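Colleague: All residue numbers for the sequence shown refer to the working numbering, where the first residue is 6 and numbers rise by one.
For every residue, glycine included, the Cβ atom is placed at its ideal position computed from N, Cα and C.
Because the structure is a prediction, the values reported are computed rather than measured.
Mind having a look at this structure? Questions to follow.
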Amino acid sequence: MTTEAKEVVPAPTRRERQRAATYDEIVTVARQLLGSPDALSLRAVAAEMGLTAPALYRYVDSYHELLMLVARAIFEDVISAMSIARDRYGDDDPAAQIVASTAAFRGWALAHPSEFGLIFANPAIAEAVEVLKPADPSSQGGGAQFSDFFTDIFLRIWDRYQFTVPTDSDLEPALLERLREQRACGTLPCDFPGHPVGLAWIFIRCWTRLYGTVTLEVFRHMDLGVIASGALFRAMLEDNGRDLGFGDDWPRLRALTELEMSR
6 MTTEAKEVVP APTRRERQRA ATYDEIVTVA RQLLGSPDAL SLRAVAAEMG
56 LTAPALYRYV DSYHELLMLV ARAIFEDVIS AMSIARDRYG DDDPAAQIVA
106 STAAFRGWAL AHPSEFGLIF ANPAIAEAVE VLKPADPSSQ GGGAQFSDFF
156 TDIFLRIWDR YQFTVPTDSD LEPALLERLR EQRACGTLPC DFPGHPVGLA
206 WIFIRCWTRL YGTVTLEVFR HMDLGVIASG ALFRAMLEDN GRDLGFGDDW
256 PRLRALTELE MSR
């Protein structure tokens, strides 16, 4: 019997630890500056850290790289919040997982409006990390992981509920052509290889409802009382639940929604 040798990873050097700590401080300071309009800049971060701008450039060589570092850290936080909520339920109950994780997504977004705005309402970030595009192993952003989080649950919902998926003939010709073009060039949001392109269309519709509702609430583009009540969010979940075939399971999920939204 042979024992496979394990690769020994050398401990980071003191210099590497110091550099990592500096990167962490840069991200922390940058996130603190997000709350003030137009406050996030390399110069502002350097000033908060007691550094000169040239000294900061030894770690971050552009404003774009600073945004990417901050975006990656924020994505890690929101995915962590959703993962904790998801893991309260077993993988054999994907409907409960999607309800819990979307409620956690909303709760995180309402508590962190500036950070939500950076990664979900900033064209530069959206273009760079490609929030809803398939995972790219070479990507340094967190958008692919965010997409993968929902893709995994969505496929398990499909396996369990076998909800109705539009066939190619059900889709408008122009839409079908565009979805096929995106699939062919690898840019279809959350593609599901081996499944009809209509499955991706259902996902897009569900994500649009969730994103649109949470965005309206975060930026307070509606009555504050309606936001506080959570009524629009609950209605959105019910609309998505109909598309996802929850049907007779919805009374259970409605009670679960109340529980998760109260956390």
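My output table needs one value for Val65: the three-state DSSP class, helix, strand or coil.
Modeller: In the structure shown, Val65 sits in coil (DSSP, three-state: anything other than H, G, I, E or B).
Colleague: Let me know the secondary structure DSSP gives Tyr94 once reduced to three states.
Modeller: Coil at Tyr94, not helix or strand.
Colleague: Excluding the five sequence neighbours on either side, which residues of its own chain have a C-beta within less than 6 Å of the C-beta of Leu38, listed in chain order?
Modeller: Excluding residues within five positions, the ones whose Cβ falls inside 6 Å are Ala44, Leu45, Ala49.
Colleague: Just the C-alpha distance for Gly199 and Leu61, rounded to the nearest angstrom, thanks.
Modeller: One C-alpha to the other measures close to 48 Å.
Colleague: Which term fits Asp253, buried or exposed, when burial requires 16 or more other beta carbons within 10 angstroms of its beta carbon?
Modeller: Its Cβ having fewer than 16 others within 10 Å, Asp253 is exposed.
Colleague: Buried or exposed: where does Asp175 fall if 16 or more other Cβ atoms within 10 Å of its Cβ makes it buried?
Modeller: The residue is exposed, with fewer than 16 neighbouring Cβ atoms inside 10 Å.
Colleague: Given 8 Å as the limit, is there contact between the segment 87–103 and the segment 56–76, that is, 3 or more CB pairs closer than that?
Modeller: Cβ pair count under 8 Å is below three, so no.
Colleague: What are the boundary residues of the alpha helix (DSSP H) that includes Cys211?
Modeller: Counting along the chain, the alpha helix (DSSP H) containing Cys211 begins and ends at 202–223.
Colleague: Please determine if the segment 99–119 and the segment 53–67 are in contact, where contact requires at least 3 C-beta pairs separated by less than 8 Å.
Modeller: No, they do not touch.
Colleague: Would you mind stating whether Ala126 and Thr220 have Cβ atoms separated by less than 8 Å?
Modeller: It is a contact, given that the beta carbons lie within the stated cut-off.
Colleague: Cα-Cα, which of Ala90, Val34, Arg22, Arg77 is closest to Asp264?
Modeller: The sequence given here has Leu at residue 264, not Asp. Nearest option by C-alpha distance: Ala90.
Colleague: Excluding sequence positions up to five away, which residues of its chain have a Cβ less than 8 Å from the Cβ of Asp248?
Modeller: Answer for Asp248: Phe168, Ile207, Arg210, Cys211, listed in chain order.
Colleague: Put Gln167 into one of helix, strand or coil per three-state DSSP.
Modeller: Note: Gln167 maps to coil in three-state DSSP.
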